[in-house]
Structures are given as structure tokens and as C-alpha cells.
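For reference, the structure is listed below as C-alpha cells.
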Amino acid sequence: MIINHPLLGPRDSAEFTYLGDAALIDRPDWQSETAAQDFYEYGYLRDNPAGWHRELWFHEAGDRSWLVVTRNTVTHEIKSVELARDVARARGRSK
Amino acid sequence: MRYSGFRVIKEALTGHKGWTPAWRDPDPASHYDIVIIGGGGHGLATAYYLAKEFGQHKVAVIEKGWIGGGNVGRNTTIIRSNYLLDGNEPFYEFSLKLWEGLEQDFNYNAMVSQRGILNLIHSDPQRDAFVRRGNAMILNGADANMLTTEEIKKRYPFLNTHDARFPIKGGLAQHRGGTVRHDAVAWGYARGADSRGVDIIQNCEVTGFRMEGGRCVGVETSRGFIGAGKVGCAVAGNSGRLMAKAGMRLPIESHVLQAFVSEGLKPVLPGVITFGAGHFYCSQSDKGGLVFGGDLDGYNSYAQRGNLPVVEDVCEGAMAIFPMLGRARLLRMWGGIMDMSMDGSPIIDQTHIDGLYFNGGWCYGGFKATPASGFAYAHLLATGNPHPTATAYRFDRFQKGLMIDEKGMGNQPNLH
Ligand SMILES: Cc1cc2nc3c(=O)[nH]c(=O)nc-3n(C[C@H](O)[C@H](O)[C@H](O)COP(=O)(O)OP(=O)(O)OC[C@H]3O[C@@H](n4cnc5c(N)ncnc54)[C@H](O)[C@@H]3O)c2cc1C
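Heads up: the sequence lines are chains A and B, in that order. Heads up: the first sequence is residues 1 to 95, going by the working numbering. Heads up: the second sequence is residues 96 to 511, going by the working numbering.
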């Protein structure tokens, strides 16, 4: 697989390590009433879809940036690659 | 029809006209006491033990393709019970004992071959870890032996014991481990279940569950609705996809694992060997092909095929300990979809939905578990209680902090 890095261009996926579903960006609020249940779901439950999947890849052997890759788990086709930083900010993280 | 040596000779002398199909091809009935989804090893074994051990005969196994086309026919056929943790080892040892009597039990030649498995050791801390594991195995009634480098050299003279980058410092052997003809396991269980009245329904995909008053009362399929007293899911790599139809999210990710077979060679490798400094393992099939594999590709996949970086990694592992493998040509390679759980251990449990049961999370080690998984799942479905060797395989262990994490990797499925 080739991952088209937004800053560096096309890179071999072997340069990256894989973390999992990009929903991990949305860390639950630890002060919420339902925090215990929320963290259980966050830590352990996954949608695991067959089809399009937004997921976190780390460019370990490269510029060490985190990416959000939208990839089809049935065909391995990659539709879009974004900097995780931008995705997280757009979702209201790290203000 | 019982199979026997006598029968083979009789058929040979009479033109092989007396053989009958090993199982029927029935149309689905409108209702069963128990419907099993998934005609892999686990689903078929469950149906077999339900009929044979628990007196349940109104049972159907529903398979979307053909039986044995999933992981049960894609794995590298290794059986063993060399686990460390209390939640696992009694279960896998129960499984190994069932393997030992399986062919007589279901009257089918599954080519169970206890040729032994050897885990190589390459450092002192690794030896400590393997001694601990061996002791845990012995405590649970399994066999385990520590071998020295000299003993290993004598048994496996082709291993690189002189100038390897990761020197071989010994090994943990389980002589009762070995290999089994994987397809024959599916066929043997199917035949045994069918002869006891179980309907095996192929080319029938489950597309949804029918719920009434919070209870699961049957399954929607590509061949119509099939009613059920209880529904047991056993679809391995497709677990996430199937249970989503019941509104469930699972502590599971689906990942692809590849396997490889070389051209047929004369007998060179007497058992199963695993490399302890990288991810590589190998055995030789009875046809002569070297069967080997390594790590997961590492990303979510339902594609049943992997990519080249893992091929390179596996071949590097091979060359590191088996330099002779470099001369063999690769004949075939393929992938299967693994139901990787969050702690690397399986689940055999009821769901929060009445009448709906789940078996999955087998990762890359579910083939060896087939007999015990079928037995334990049948026990749960028939009696409502978990089998004594499978009490730890619960859904709620993740919420309660009771993970069974053999490798200590945490909730990162691609590292288990
Ligand atoms: C390359 C590779 C190597 C492996 N090596 C080993 C090994 O050496 N030792 C070991 O112990 N384990 C090994 N495994 C793991 C082992 O093969 C699996 O854990 C085990 O086979 C899973 O259980 P199963 O046989 O029931 O799965 P499967 O055979 O995959 O059965 C599941 C069935 O469910 C069916 N299904 C799915 N969705 C539906 C639906 N909606 N409706 C109807 N049917 C459906 C599928 O078609 C499939 O036939 C390996 C796996 C792979 C891929």
C-alpha cells in the first residue's frame, strides 16, 4: 500500500505503524458522570467495518506525524489522507 | 456409513460404487431449536457436540459459502497447548486431549500428527520466560520440556546454530503438539453432525437477526427466515460485521494474516519450529511442502489477501534460522481474516440479547481450539452455563479488568 502523505507525498506503508480507528481522537471527558462506561467503550469496543474506515497511522520511519487515512478494508484502496492534527483541531481538540 | 480399513478394501474390490455423500444437502426447515451461524471448524464442532454430547438434534449450521472455505481451511494447522495464563491453559489442554481422541471419536481421518512443537530461545530473559511458561503448562497437566542447544542441534541439524545473528540458546518443546489436516477437521465434524440429524445448510448467508420483545427468535437469510430457539454465532473474522446487525460493537478488530507453502520437498523438517527473535514459524506438510507464516499485516482488513512488507519480513525470519529454505521455491500464499480481540484471547459467552450467543475473538490461534471451542460452546448453548474450562472467556472481562493478555500488549489487537 502507498500512503499519500499530505506533506511528503507518496510513501510506502511499511514506513508507518498502525494504531486503529480514528475515533480514538475523541477521548471521552474524564469528569463526565458516565466516564467509566465511556472509557470502557473508548478503550475496548470498535466498529470494525467492512468498507471505508478512518484510521490512525504514525509515520514512524519518516517525519513522525500522525495521519488520518480513509481506507477501504475490503479492497485496501485509500481515498484520503489528512494530518491527524488538522482533524483533531477541526473536532475541537487542543484549543 | 462407518469408514474403516475393511471398507476401503471392500470398495476397492467392488469398483468404489458403495460410497455415499459424507453429508446431506438439505433445504432449511422453518424452525430449529438451535441455529449455528458459520460453517467453519468452530460452528461445525459445536453442532457435532450438541448432537453427540448434549442430545440436541434439531440443530442447523448456516454457512454463507461452502463449509471449510473460511479460516479452518486457510490456517497453518498447528495444534499445541503451550499457554501461560490460568484463563487459557486448561482450555487449550482440554482441546489437545480432544484432538488426541478425535479421529476415533468422529470416525474420520483428520491426520492428527503429534510431531511436536519447538519454540526457540535466543536470550537469557527469554529462557526465564519460557521456563515459567513450561511450568505453567505442567501445572495444568500438559507436557513441556526444555531442550539445550546440543539437543536441538541433534534433532534439527539444519538450524543455524553456529553464526546466527540471534544465537539459538535452547528451546521449549511440547512433544504432544503437532499438526492436523485442517479441511478434514471441517469435513469430519460435518459428517459426524449430519449423521446425528444436524442440517448443514451451505450457500446461505445470514443477513440479519429477528428480534421479538428483546429476544432473538431467528435469523434472516438469503434463503428466507429461519426460526430458532437459540442462535449461536461462530463466524470468526466476520464477527464484527455480523454482530453489527444485532446492534453490537465488539472488543474485536478484523486483521489479515498470511501463510505460505513451498514446493514439495523430501522430508526435512520433523516437527513445528517457531523463531523466538522474529515472527516466523514453519512445519512440513505430509505432501512435502514447507508451510510457514509470521506476523499479521497489522491493519484492519477484510480482504483475505495481504501485502508485500510482511512477505519480506517472514522470509527474513526464515533465512535467519533456516538458511536452507532459501533454495526452495514458493508455491502458494494466501490470507485469512482474523478476529483479533483486545487481549488476544477468545470469547464464548451469551450476549445481552436473550437467545443470542457469541463465539469469536480467536485471533490467529483458533484452529487448535476447535474441539474445545465446539465442546464448550455446545455446553453453553445446551445448559446455559459456561464449560468449566471456558469460564474466563466472558464479554465483561474488559469492563472488569479481567483481561487474559498472554503477551501483555494491552488493548492493541495488531500486537497480540
Ligand atoms: C494464515 C492463517 C494461519 C493460521 N494458523 C493457525 C495455526 O497454525 N494454529 C491455530 O490454532 N490457528 C491458526 N489460525 C487461526 C484459525 O484458523 C482460526 O482462528 C479458526 O479457524 C477460526 O474459527 P473457524 O474455523 O470457525 O473460522 P472460519 O473457518 O473462518 O468459519 C467462519 C465461517 O463463517 C462463515 N460466515 C461468515 N459470515 C457469515 C454469515 N453472515 N452467514 C453465514 N455464514 C457466515 C464464513 O463463510 C466461514 O466459513 C490461522 C489462521 C490463518 C488465516
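A virtual CB, placed ideally from N, CA and C, is assigned to each residue, including glycine. Being a predicted model, the structure only gives us computed values, none of them experimental.
Are the C-beta of residue i and some C-beta of chain B separated by less than 8 Å?
i	result
ASP38/A	no
HIS59/A	no
GLU55/A	yes
ASN4/A	no
GLY90/A	Before going on, a small fix: residue 90/A reads as Ala here, not Gly. False, the Cβ-Cβ gap to chain B never drops below 8 Å.
LEU45/A	yes
ALA14/A	yes
ALA22/A	no
THR34/A	no
THR75/A	yes
ALA84/A	no
Evaluate residue i with the Cβ neighbour count: other Cβ atoms within 10 Å of its Cβ, from every protein chain shown; 16 or more gives buried, anything less gives exposed.
i	result
LYS495/B	exposed
ASP434/B	buried
VAL330/B	buried
TRP194/B	buried
ALA487/B	buried
GLY136/B	buried
TRP30/A	exposed
LEU403/B	exposed
GLU33/A	exposed
PRO362/B	exposed
SER190/B	buried
ALA120/B	Looking at the sequence itself, residue 120/B is Asp, so the reference to Ala does not match. ASP120/B should be labelled exposed.
PRO441/B	buried
Kindly say whether residue i, judged by its beta-carbon, lies nearer than 8 Å to any beta-carbon of chain A.
i	result
ALA237/B	no
PHE493/B	yes
LEU540/B	No information on residue 540/B is available, as it lies outside the stretch 96 to 511 that chain B covers here.
ASN230/B	no
ASN454/B	no
ASN506/B	yes
ARG102/B	no
ASN202/B	no
SER349/B	yes
MET433/B	no
MET437/B	yes
GLY389/B	no
TYR488/B	no
ASN395/B	yes
ASN509/B	yes
GLY135/B	no
Pop quiz: residue i and residue j are said to be a contact at Cβ under 8 Å. What is the actual Cβ separation, rounded to whole angstroms?
i	j	result
ARG113/A	ILE347/B	Because residue 113/A is not part of the residues shown, which for chain A are 1 to 95, the question remains open.
VAL275/B	VAL367/B	Contact doesn't hold; Cβ gap of about 11 Å is too wide.
LEU67/A	GLY20/A	Not quite, the Cβ-Cβ distance comes to about 13 Å (not below 8 Å), so this is no contact.
ILE216/B	GLY371/B	6 Å
CYS377/B	ALA423/B	That pair is no contact at about 11 Å.
ASN72/A	ASN395/B	About 10 Å separates the two Cβ atoms, so there is no contact after all.
ARG271/B	GLN209/B	5 Å
Please find out if some non-hydrogen atom of ligand 1 comes closer than 7 Å to the beta-carbon of residue i.
i	result
GLY412/B	no
TYR284/B	no
GLU195/B	no
THR172/B	yes
GLN209/B	no
VAL167/B	yes
THR369/B	no
GLY439/B	no
THR465/B	yes
VAL130/A	Residue 130/A lies beyond the range of chain A shown here (1 to 95); nothing can be said about it.
PHE201/B	no
GLU184/B	no
ALA14/A	no
HIS511/B	no
GLU158/B	yes
MET419/B	no
ASN333/B	yes
ALA124/B	no
TRP118/B	no
VAL356/B	no
GLU55/A	no
TYR459/B	yes
- prompt: Quick one: any contact between the segment 10-30 of chain A and the segment 68-88 of chain A, if contact means 3 or more CB pairs under 8 Å?
  reply: Cβ pair count under 8 Å is three or more, so yes.
- request: Give a yes or no on contact between the segment 271-287 of chain B and the segment 200-210 of chain B, applying the rule of three or more CB pairs nearer than 8 Å.
  value: Under the three-pair Cβ rule at 8 Å, the segment 271-287 of chain B counts as touching the segment 200-210 of chain B.
query: Quick check: the segment 109-121 of chain B against the segment 247-255 of chain B, are there 3 or more CB pairs under 8 Å?
result: no
task: Compile a chain-ordered list of the residues in the segment 398-415 of chain B whose CB is closer than 7 Å to at least one CB of chain C.
output: Absence of chain C from the displayed structure is noted, the protein chains being A and B.
query: Pairing CB atoms from the segment 262-279 of chain B with CB atoms from the segment 240-248 of chain B, are three or more of them under 8 Å?
result: yes
- prompt: Does the segment 348-357 of chain B come within contact of the segment 311-322 of chain B, defined as at least 3 CB pairs closer than 8 Å?
  reply: Contact between the segment 348-357 of chain B and the segment 311-322 of chain B is absent, because fewer than three Cβ pairs lie under 8 Å.
- prompt: With contact counted as at least three CB pairs below 8 Å, one residue from each stretch, are the segment 291-304 of chain B and the segment 140-153 of chain B in contact?
  reply: yes
field: Cβ contact (3+ pairs, closer than 8 Å) linking the segment 376-392 of chain B and the segment 172-187 of chain B
entry: Counting Cβ pairs under 8 Å, three or more are found: they touch.
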